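Residue numbers (our numbering), protein chains in the order written: chain A, 1 to 352; chain B, 1001 to 1455.
Note that the Cβ used here is the ideal one computed from N, Cα and C, for glycine as well.
Nothing here was measured: the structure is a model prediction, and the numbers come from that model.
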Amino acid sequence: MPPVADTEFDAHVRKMMTWHFGKDTGSPFWLAKLGALGFDPVADVQGVRDLTMFPDVSAELRTAPAQDLIPRGLADRAFRVYDSGGTTGSPKRIVDSGYRSHMLGWARHRLIESGIPESGNWLHLGPSGPHVIGFDVARYAALGGGVFYTVDLDPRWVKRLLAEGREEDADEYVQHLLDQAETILQTQDIAVLSTTPPLLEAICARRGLYEAVREKVQAVIWAGTSISTENLRQVGEVFFPDAAVVGVYGNSLMGVAPQRPAAPGDPHPCVFEPFPATTRLELVDGDGRPVGYGERGRVRLHLVTEEMFLPNVLERDSAIRVGPRPGSSVDGLADVQTYREIDDVHVIEGVY
Amino acid sequence: MSGVATLVTVDPYVCGRTVHSADRSRLPSVLGGDLADVGLAPHLLALSALGEIRQHADGRSPGAGVFTEAARLFAGETLDGEGPGEYAARVSQATGLTAAAVAQAVEDLVAELTQLPRTTAAELPGTGFGPGFETRWVPRGRTFTAVMASNHPTPNAAWAQALFHGYSVLVRPGSRDPFTARRLMRALLAAGLPPGKVAYLPCSHRTGEFLLSEADRGIVYGGDSAVRRWQGHESVAVRGPGRTKALLDTDPGDAVVEHLAVSASFDGGTRCTNLSAVLTSRPVGEVADRLAERLGRLPSLPAADGQATLLVADRERAERIRRQVDALRAELTDHSARFDPGESVVELADGSFLLRPVVLSADRPNHPVVGTELPFPFVVVAPWSGADGVAPLRDSLVLNLLTDREDLVDAAVREPSVRKVTRGAVLPWTAVPGIPHDDNYTQFLLEPKGIVVRG
């Protein structure tokens, strides 16, 4: 699918306002908010710039009944619920019927442009279950006619162990995951490995497993957490020089933003681009104003699809704003990191 | 110091070559602005360095001559463009140690390096057991990781000692002092250390911990949170807060107060052996007042001044420490407030912030603040009576006993959590080769192997 120009996206936004706020088509979740918005979405929202008029409702996704998120106009379709990562308490929930698959079809082409083989089997060493990334990767494999392998991975358990200072227990769990990955790699043909940067580090530290991956795998996809520039360079140049190494930024709410193919003179080795048809990722300063190109800002998401409407969501990430590629209507994001407010930086210094 | 042109560049160095890292971090100067642009080794760079170090690790010592020569070069020569004066200024501006403290540290490092054969001989028992029977002390492994702190340069001798005994070494320098480990490594290489023996990896504490867990032996310096994980690990020597204490069971005359003040404030109070607590059978308020008065007389001078003794910090760090101390001051009786009535953090003309000494008193020996160690002269005085016995004196890297109670001295020496005992007006760090800092470090590195020969 070719990138959609901004005027096209604005038209898409207007169409979706009519859909999400039409009483026969919109979701109970949004229709219930209509009175309290203080504006008329159908008349007043003319394009992407007006989406910031909406409140950030993402926190409500922790408690709202997922059924209320389903637009009435799609009542005859089957939906699934997916969760955000979540460490303690309730995760944020999204509903999906066919949108995600549609977006993944686009994303797969982007991955192929970056060197992921068009066919072959996939090993996903990452979260599955309620975490949508497991679905995403299974879908990539299916679209290429490959077999999908995975292992159970509960990221919330790992986060809890780390929060309790139980690093050794967390490490033991990681080794348990790697044991299973090694078993798969010993007997099965794997063309693509999909995993997270911390697990990639752990793989490289286990010689036998590392050698098996290096020997068999044609492409490594990393996603789920950030990776430092030097670490990424080491992955590509030192540890897996013969494989395509491709990053995917994303989460349950926003979908996926695969790495765009490197352009000559690109100052960043890895630049992400979201699905232009439905998604805008803006990088903004503390007052919500877009930062300039080359500057770091906090990620603000607008997701506008027939199935979900999530405008004006401030994400927990920051990134550097990179100009669009020729012909593209969306900016790129580079060097994604966890966003920190100045007040968060209160670090308790030890003795030294 | 904020101009880009003056920034010092620091990068990882692995087996003889500089590795320019794409991950950069700024090191602030106590004078304001940034002092250095530091290339950090992320996990995978550290992992490749570890692989390379392992390949070259042969367990052979480079010989004592390398260390004597390295000591000479470290103290006096220009190494990779860095003169000794430049080095000292960098350490001082990065850590806030006074010029005098850095000069003393260089002297101490030189002494430790040149004394390595003597230290080894003093810490190992005899090896001959009659004709045909001997033991040989050999490294307990091939690789060694040092996770350094930045409070003081001298502990860097610990990883040089591992090299001396044949280990191949990975050093994670202190984040505020990347300079000492780098200079010492350069001196060793210039003196003939084979390049494959050493990797210098500025990195996060987490990556340092990974290297510690992978090495055969290692040492970790730092605060409670940094060292907790390694307590009880056989392969890791832990150098946490010293919680050095004194038992004052005599009248606090001028000479004794002077001795306690120097114990607390020498090198700006940054050593793990600097005095942190005084337990006394004499009136607590009076002892604390006298110590506060004596420490209050120390002048507020920039670190570069030859007369300076107190630690300085950049604005942010000073502010952080001030907040921490204010909470403790509110909890206990503050004696420095009376004798040192100015600000507890003093902004100096050179842009740095000086941390004034703080003396507090507690009403009981087991108060949780007793033994709190902060990186500047900070002493808590608490009551002690014969009935309390050795219990309040536990958990001391050094215990200074100013008492005539011989039974108590004996109990203190037998107490496992007391690591060294001094008597009289002895500064806590006083030692000669053979006096352990904390257990027998040579035997931590080496193990005896029996060799029996017939015919």
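If we cut at 8 Å on Cβ distances, does residue i have a partner in chain A?
i         : result
ALA1425/B : no
LEU1248/B : no
ALA1237/B : no
HIS1437/B : no
ASP1023/B : yes
LEU1073/B : no
VAL1345/B : no
LEU1211/B : no
HIS1056/B : no
PRO1195/B : no
ARG1140/B : no
PRO1368/B : no
SER1263/B : no
PRO1042/B : yes
LEU1201/B : no
If you follow the alpha helix (DSSP H) that residue i is in, where does it begin and where does it stop?
i         : result
THR216/A  : Thr is not the amino acid found at residue 216/A; the sequence shown has Lys there. Unbroken alpha helix (DSSP H) run through LYS216/A: 207-216.
GLU1107/B : 1099-1114
PRO28/A   : 28-31
ASN231/A  : 229-233
SER1336/B : 1336-1339
PRO1084/B : 1084-1095
THR18/A   : 6-20
Identify the residues that DSSP records as bridge partners of residue i: which are they?
i         : result
PHE1353/B : ALA1313/B, GLU1347/B
ILE320/A  : ARG296/A, ALA334/A
THR1009/B : ASP1037/B
LEU301/A  : LEU281/A, VAL313/A
GLY247/A  : TRP222/A
GLY1455/B : DSSP, once it has assigned bridges, lists no residue as partnering GLY1455/B.
LEU1079/B : GLU1082/B
ASN1400/B : ALA1246/B, THR1422/B
Identify the continuous beta strand (DSSP E) that holds residue i and give its terminal residues.
i         : result
VAL1169/B : 1168-1172
LYS1449/B : 1446-1452
ILE1219/B : 1217-1221
SER1276/B : 1275-1280
GLY255/A  : 255-258
VAL1138/B : 1133-1139
PRO41/A   : Counting along the chain, PRO41/A falls outside any beta strand (DSSP E), though it belongs to the alpha helix (DSSP H) covering 41-44.
SER1361/B : 1358-1361
Please confirm whether residue i has its beta-carbon closer than 8 Å to some beta-carbon of chain B.
i        : result
ALA205/A : yes
SER228/A : yes
GLU167/A : yes
VAL388/A : Here chain A has residues from 1 to 352 only, and residue 388/A is not among them.
GLU182/A : no
VAL256/A : no
VAL238/A : yes
ASN231/A : yes
GLU201/A : yes
Alpha carbon to alpha carbon, what distance is there between residue j and residue i?
i         : j         : result
VAL45/A   : LEU37/A   : 12 Å
SER1344/B : ALA1261/B : 17 Å
ALA1337/B : GLY1296/B : 9 Å
ILE342/A  : VAL284/A  : Low local confidence applies: a pLDDT of 44 at ILE342/A is under 50, so the model's placement there is unreliable, and no value is given.
GLN428/A  : GLU273/A  : Only positions 1 to 352 of chain A appear in this structure, which leaves residue 428/A out of reach.
PRO155/A  : PRO127/A  : 6 Å
GLU1112/B : ALA1070/B : 11 Å
VAL1409/B : GLN1231/B : 27 Å
SER1175/B : LEU1027/B : 8 Å
ASP1314/B : GLY247/A  : 38 Å
GLN355/A  : VAL1421/B : Residue 355/A is absent from the model: chain A starts at 1 and stops at 352.
PRO1173/B : LEU1044/B : 18 Å
ARG1118/B : PHE1164/B : 12 Å
ARG77/A   : SER114/A  : 34 Å
GLU1293/B : PHE1339/B : 5 Å
ARG1405/B : ASP1438/B : 24 Å
GLU1134/B : SER1061/B : 20 Å
GLU282/A  : PRO311/A  : 11 Å
PRO1012/B : VAL1227/B : 24 Å
Taking 7 Å as the cut-off, is the beta-carbon of residue i closer than that to any non-hydrogen atom of the ligand GDP?
i         : result
GLY1389/B : With respect to the ligand GDP, the structure offers nothing, as it holds no ligand at all.
| said: Report the start-end ranges of each beta strand (DSSP E) in the region 81-152 of chain A that is 3 residues or longer and not cut off at the edges. | reply: 93-96, 122-125, 148-150
| task | Let me know the alpha helix (DSSP H) ranges lying completely inside the region 1202-1265 of chain B, each 4 residues or longer, listed in chain order. | result | 1205-1214, 1224-1227, 1254-1265
| message | Runs of 3 residues minimum, wholly inside the region 151-202 of chain A: which ones carry the beta strand (DSSP E) assignment? | response | 192-195
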